[in-house]
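Peer 1: Pasting a structure below so you can have a look.
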Amino acid sequence: QKEVEQDPGPLSVPEGAIVSLNCTYSNSAFQYFMWYRQYSRKGPELLMYTYSSGNKEDGRFTAQVDKSSKYISLFIRDSQPSDSATYLCAMRSGNQFYFGTGTSLTVIP
Amino acid sequence: GAVVSQHPSWVICKSGTSVKIECRSLDFQATTMFWYRQFPKQSLMLMATSNEGSKATYEQGVEKDKFLINHASLTLSTLTVTSAHPEDSSFYICSAQGSLNTEAFFGQGTRLTVV
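What follows is the structure, encoded as structure tokens:
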């Protein structure tokens, strides 16, 4: 079993839709949880990070962590065509980072 | 967020030559740097982890003599692909973590094409 599982998609939604991206994990030692956005042929860009269960909001993005279920989510409200990218979840234990495989998102105008 | 600069963004080289990729943390001291390789439509594959002043720790299956990593200062790490072959063509990405940061910040990536 992989440390981090993420549905690769692809996910296609109309502009304005709410997008839900999810990852599950198996290692209860993970302490920090991150979401990165990666455009084609670019390095990943950090969107959000959190270390506790609950929600963290930043503009149109909300990161949700449920440590009891070992499940994290990223919600994108009012999705825009510019949100079209691959979204990677990442988790950290000590000095080790573990990445999901990424979910490819396309927002259709 | 913190800025990590990776250079060059793309490079084409002949088979058998060596290529050096630089990764710099511009506004923080990176105690740890990570080097990844990414194939099209796939996730990041960790190649090695380097701590400033120490030898890099390579992941299983990554040839340390082929992928030379140097992390001589708190703001610079380099990856040298030695005797490159066409199968080394890929997207290489570095990320850096400062001692006070919980997250890692990525460079822009380097697309290497070996012909």
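The listed protein sequences derive, respectively, from chains A and B. Start counting the first sequence at 1; every next residue gets the next number (our numbering). Start counting the second sequence at 110; every next residue gets the next number (our numbering). The beta carbon of each residue, even a glycine, is placed where N, CA and C say it ideally should be. Here the structure is a predicted model, which is why all the values come from computation and not from measurement.
(1) Counting pairs of beta carbons, one from the segment 200-219 of chain B and one from the segment 136-143 of chain B, are three or more of them closer than 8 Å?
(2) Closest to A:Gly54 by CA distance: which of A:Leu74, A:Tyr36, A:Asp78, A:Glu15 is it?
(3) Using 8 Å as the cut-off, can you tell me whether the segment 111-121 of chain B makes contact with the segment 55-65 of chain A, which would need three or more C-beta pairs spanning the two stretches below that distance?
(4) For A:Lys67 and A:Gly59, I'd like the C-alpha separation in whole angstroms.
(5) At the 9 Å Cβ level, is B:Arg133 part of the contact set with chain A, yes or no?
(6) Hey, is the segment 33-48 of chain A in contact with the segment 10-18 of chain A, meaning 3+ C-beta pairs nearer than 8 Å?
(7) List the DSSP bridge partners of B:Phe200.
(8) Taking 9 Å as the threshold (beta carbon to beta carbon), is A:Glu45 in contact with chain B?
(9) Compare the C-alpha of B:Val223 against each of B:Val113, B:Val112, B:Val128 and name the closest.
(10) Would B:Val112 be called buried (16 or more neighbouring beta carbons within 10 Å of its own) or exposed?
(11) Could you pull the DSSP bridge partners for A:Lys56 from this structure?
(12) Excluding the 5 residues flanking A:Leu48 on each side, which residues of the same chain have their C-beta closer than 8 Å to its C-beta?
(13) What does a CB cutoff of less than 7 Å around B:Leu155 pick up in its chain, not counting 5 residues either side in sequence?
(14) Which stretch, first to last residue, makes up the beta strand (DSSP E) that contains B:His194?
Peer 2: Short version:
(1) Contact between the segment 200-219 of chain B and the segment 136-143 of chain B is present: three or more C-beta pairs spanning the two stretches fall below 8 Å.
(2) Ranking A:Leu74, A:Tyr36, A:Asp78, A:Glu15 by Cα distance to A:Gly54 puts A:Leu74 first.
(3) Judged by Cβ distances under 8 Å, the segment 111-121 of chain B makes no contact with the segment 55-65 of chain A, as fewer than three pairs qualify.
(4) Each residue's alpha carbon lies about 23 Å from the other.
(5) Between B:Arg133 and chain A, the shortest Cβ-Cβ separation is not below 9 Å.
(6) The segment 33-48 of chain A makes no contact with the segment 10-18 of chain A, as fewer than three CB pairs between them are under 8 Å.
(7) B:Phe200 is bridged by DSSP to B:Gln147, B:Arg220.
(8) Chain B contact via Cβ: present.
(9) The option with the nearest alpha carbon to B:Val223 is B:Val128.
(10) Counting Cβ neighbours within 10 Å, B:Val112 comes out exposed, since fewer than 16 surround it.
(11) In the DSSP assignment, A:Lys56 is bridged to A:Ala63.
(12) Residue identity check: residue 48 of chain A is Met in the sequence provided, not Leu. Correct list, in chain order: Met34, Trp35, Lys56, Asp58, Phe61, Ala63, Leu74.
(13) Only Phe143, Tyr145, Glu168 meet the Cβ criterion.
(14) That residue, B:His194, is in no beta strand (DSSP E); it is neither H nor E in DSSP.
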